[in-house]
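Undergrad: Mind having a look at this structure? Questions to follow.
Residue numbers (my numbering): 1 to 61.
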């Protein structure tokens, strides 16, 4: 899958979070699945994103 398509998928997921049709854990899973987007980040930014996603998931419990 192309990075552009992954970005579209993630953008659609964020829109679904805003309208309430996608939960925090599912959004986190969706974000983590966008491997080409994550690979484009510098390693420390990937770490920061994963920490933020972990916090998002834990706050949704």
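Glycine residues also receive a C-beta, built at the ideal position from the N, C-alpha and C atoms.
For residue 59, does the count of other Cβ atoms within 10 angstroms reach 16, so buried, or fall short, so exposed?
TA: In the chain shown, counting from the first residue as 1, residue 59 sits at position 59. By the neighbour-count rule (16 or more Cβ atoms within 10 Å), residue 59 is not buried but exposed.
Undergrad: Distance cutoff 7 Å, beta carbons only. Does residue 18 sit that close to anything in chain B?
TA: Going by chain labels, chain B is absent from the structure shown, which holds only one protein chain.
Undergrad: Could you give the distance in angstroms between the alpha-carbon of residue 65 and the alpha-carbon of residue 21?
TA: Only positions 1 to 61 of the chain appear in this structure, which leaves residue 65 out of reach.
Undergrad: Do you know offhand how far residue 26's Cα is from residue 44's?
TA: Here residue 26 refers to the residue found at position 26 of the chain shown. Here residue 44 refers to the residue found at position 44 of the chain shown. About 23 Å.
Undergrad: Can you list, in chain order, the residues of its chain with a C-beta nearer than 6 Å to that of residue 16? Leave out the 5 residues immediately preceding and following it.
TA: By one-based count along the chain shown, residue 16 stands at place 16. The answer, listed in chain order, is 22.
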